[in-house]
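Q: Taking my numbering, the leading residue of the sequence shown gets 4, the next gets one more, and so forth. Note that beta-carbon positions come from the ideal geometry of N, C-alpha and C, so glycine has one too. Below you will find the structure I want to go over with you.
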Amino acid sequence: MNRKKNLIPLLIFLIGLCMRLIYIFQMSRNDPLFYHPFSDSLQYHHLAISILRNGIIGSEPFYHPPLFQYYLALIYNIFGINLFCARIIQIVLGSINILLIYLVTRQYFDRTVAMVASFIAAVYPMFIFYDGEILIPTVLIFLVLLGIFFLGRKGLRDIFFSGILFGLAAITRQNVLLIILLIPLFLLINQKKVILKKLLFFWLGSFLMIFPVTLRNVAVLKEPILISWQGGVNFYIGNNPHSNGITGIPPGSKKVDWFHAYLNLKEKFEHKIGHPLSNSEFDRICYAQGLNFVMKYPLKAFGLFIKKFYLFFAGFEISSERDIYRTAKYSYLGYILFHIPFLQFPFGVLCPLFIVGIYLLRDHWRKVSNLLLFILFYSLSFVAFFVNARYRMAIIPFIIIIASYTIVIFLKKMERKKRGVSLIIFVSSFIILNANLYQIRDPDLYLTSYELAQVYNAQGKLEDALRQVDSSIMDRPDFAEAHNLRGVILKKMGYVSKAQIEFQKAIELDSTLPDPYINLGNISILTEYPFLLIKILQNRITRRRLWSIRTRRLPSIILGISTCRRRILTEP
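Right under this line is the structure:
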């Protein structure tokens, strides 16, 4: 009998693994971007390759917490630089997370709840989606689940292991530092007293994981950076008069990727202050700017906080890399991950079940305090900045656990009054969380279309590329890179004059972007108006400091101007 009981979690694990394998093989065949990572995925990919080529210490500051890039570098070192292999390892780790959810659930509830929770985790589409991405959620969930598991066992050795795991989680996602700092509250509520020895063992474990990163930053960069330096700019992004609470680009930036937008913002502050800024100085200035907004406009800041808190728990999945719902349609996930008016599935159903579970556990909340406190503080650590679907992934396992308890209780006999109240809570929260009160649409639609256009252009599918880049420009007309790409595509199709207009438009939108200058220089060979072209190039180059344009592109820009000059001199 016990053997049969133990086979059920294994069967659920195999179901989850099979679903993930099917997903990966479908995506490898259908998704044009499967072998073309971009944004954060591309950064992690390049950082991992840099570690292999330049050593594990490196010389650049960590603008992402470093663990994931080292994890990815280890995979590349063992299996070669192979994105398919890296994704396979991710889905195996994601499948192990199913078993961890079962084990954590068993610490708090019976076997039935654990089976329901692990089954939901096995088929939960957002887990499957991120298990197939070159991003941190799968690794972070693994570390957090193990950390919570050992924290619940209460022995000194277990507490020490928990500290190690949360320390590793902190150098994967810096927001976990808040959990580490507030661990005395976890111990106080769960055990009704803070045991100093346990607290010290936990903090020691965390310290041993975080300190080497800090030491490396001080030794290499000569700056007191704890883990990574992007906290201040993220705080400013989420707390300024123009913030919408979901966009990860600094206000006023014309850049589409976070890193170059950061450089753009740093240049702006350096110009204002009058001297170059170190990473730690820039970090402090950004925090000060965000706090200044909160102090100067408290009502607006509070309204923004409420908006972000709502969106963090609302049903709609806010993308941060590429359009989640659009990408899901390349696989069977398109059938189980969708949004229609008043139904954002599945989180729009899962979260109301979780809220009902909190009501049902109101008399036994200490029993699950570790789960509830983690959900609360981890959520607040993001709401203070900005929110999206990827950032809430680490709390989903614990929401699933409590939602599973709700499902099991509903299926059992229940007092009529309690059932009635539970239904009222479920229906009301379902309506609120699925109503999309702020009418949010995916902020990254334009970026997904742009990346698809780049891939189709490289493959020579020019009609498809033009259609995608037009879609990108329609979603974001001020997107300079898209206008430049449209010019490249039109030039390949033979529409040189139209291409020239697009390159000029790109320069008007962002005069620091080097590619349009290069492309206009190349077009000068074909055009009858080199005088006009050289005037455009010279005016645009001198309007901004040369160092604001990527140095490695300057020779090509100068070549473009030289081409124009030669054309002028050789004309009769």
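Check whether the region 428-445 touches the region 322-334, taking contact to mean three or more Cβ pairs, one atom from each stretch, closer than 8 Å.
A: Result yes; three or more Cβ-Cβ pairs closer than 8 Å.
Q: If we count the other Cβ atoms within 10 Å of its Cβ and call it buried at 16 or more, is F388 buried or exposed?
A: F388 comes out buried.
Q: Within 6 Å: the Cβ of M417 and any heavy atom of the ligand SAM?
A: Only the bare structure without any ligand can be found here, which leaves the ligand SAM out of the picture.
Q: Quick check on the DSSP output: the alpha helix (DSSP H) that includes R153 runs from which residue to which?
A: According to the sequence displayed, residue 153 carries Phe and not Arg. Unbroken alpha helix (DSSP H) run through F153: 140-156.
Q: Could you give the residue range of the beta strand (DSSP E) that holds L346?
A: Looking at the DSSP string, the run of the beta strand (DSSP E) that includes L346 is 346-348.
Q: Can you give the Cα-Cα distance for G19 and T451, rounded to whole angstroms?
A: Their backbone Cα atoms lie some 28 Å apart in a straight line.
Q: Within the chosen definition, does the region 349-356 reach the region 376-387 through at least 3 CB pairs nearer than 8 Å?
A: Segments in contact, no.
Q: Just the C-alpha distance for F16 and K271, rounded to the nearest angstrom, thanks.
A: The straight-line gap from Cα to Cα measures roughly 51 Å.
Q: Can you tell me the Cα-Cα spacing of Y265 and Q72, whole angstroms?
A: The alpha-carbon atoms of Y265 and Q72 are separated by roughly 20 Å.
Q: So, for F65: in the same chain, excluding its five sequence neighbours on each side, which residues have a beta-carbon less than 8 Å away from its beta-carbon?
A: Cβ neighbours of F65 beyond the five flanking positions: V216, N220, I228, I230, S231, W232.
Q: Hey, V472 and A485: beta-carbon distance below 7 Å or not?
A: Yes.
Q: Excluding the 5 residues flanking F169 on each side, which residues of the same chain have their C-beta closer than 7 Å to its C-beta?
A: Excluding positions up to five away in sequence, the list reads G150, V179, I182, I183, S209.
Q: Between which two residues does the beta strand (DSSP E) containing F433 stretch?
A: Segment 419-437 is the alpha helix (DSSP H) holding F433; no beta strand (DSSP E) there.
Q: Look at V458 and P35 and say whether their C-beta atoms are less than 7 Å apart.
A: Cβ atoms of V458 and P35: closer than 7 Å.
Q: Under the three-state reduction of DSSP, which class applies to F204: helix, strand or coil?
A: DSSP places F204 in helix when its eight states are reduced to three.
Q: Could you spell out the range, first to last residue, of the alpha helix (DSSP H) harbouring F413?
A: Here the alpha helix (DSSP H) through F413 covers 399-414.
Q: Can you tell me whether P480 is buried or exposed? The criterion is at least 16 other CB atoms within 10 Å of its CB, across all chains shown.
A: Per the 10 Å Cβ criterion, exposed.
Q: Can you give me the start and stop residues for the alpha helix (DSSP H) that I504 sits inside?
A: Its alpha helix (DSSP H) spans residues 499-512.
Q: What distance in whole Å lies between the Cβ atoms of K508 and A502, which are believed to be in contact at a cut-off of 8 Å?
A: The pair is not a contact, with the Cβ atoms about 11 Å apart (cut-off 8 Å).
Q: From E136, R470, F377, pick the residue whose C-alpha is nearest to that of L24; which is it?
A: For L24, the nearest C-alpha among the options comes from E136.
Q: Taking I337 as the reference, give the member of C289, I101, L512, F132 with the closest Cα.
A: Checking the sequence, you will find Gly at residue 337 rather than Ile. Ranking C289, I101, L512, F132 by Cα distance to G337 puts F132 first.
Q: How about P400 and I104: do their beta carbons lie closer than 7 Å?
A: Result yes, Cβ atoms of P400 and I104 sit closer than 7 Å.
Q: Roughly how many angstroms lie between the CA atoms of F41 and E454, to the nearest whole one?
A: Near 8 Å, if we compare the C-alpha coordinates of E454 and F41.
Q: With H, G and I counted as helix, E and B as strand and the rest as coil, what does DSSP make of I327?
A: DSSP places I327 in helix when its eight states are reduced to three.
Q: On a Cα-Cα basis, can you pick out the residue from M129, I240, N85 that is closest to I398?
A: It is M129.
Q: Taking 8 Å as the threshold, find out whether the region 143-162 comes into contact with the region 95-111 through three or more Cβ pairs.
A: A contact exists between the region 143-162 and the region 95-111.
Q: Cα separation between D478 and Y449?
A: Distance between the alpha carbons of D478 and Y449 is about 5 Å.
Q: Give the DSSP-derived three-state secondary structure of I443 in the structure shown.
A: The answer is coil: DSSP assigns I443 none of H, G, I, E or B.
Q: Which of the three DSSP states, helix, strand or coil, is assigned to F189?
A: The answer is helix: DSSP assigns F189 an H, G or I state.
Q: I186 to K464, Cα distance in whole Å?
A: Each residue's alpha carbon lies about 55 Å from the other.
Q: Which residues does DSSP list as the beta-bridge partners of H342?
A: Q347.
Q: Measure the alpha-carbon distance for G235 versus F312 and round it to whole angstroms.
A: Roughly 20 Å separates the two Cα atoms.
Q: Thinking C-beta only, is L138 closer than 7 Å to S53?
A: No. Outside cutoff.
Q: With distances taken between CB atoms, is the gap from L268 to P279 smaller than 7 Å?
A: Against a cut-off of 7 Å, the Cβ pair of P279 and L268 comes out as no contact.
Q: For the alpha helix (DSSP H) that contains N242, what are its first and last residues?
A: Per DSSP, N242 belongs to no alpha helix (DSSP H) and is neither H nor E.
Q: Starting from I182, follow the alpha helix (DSSP H) in both directions and report where the run begins and ends.
A: Note, I182: alpha helix (DSSP H), 180-184.
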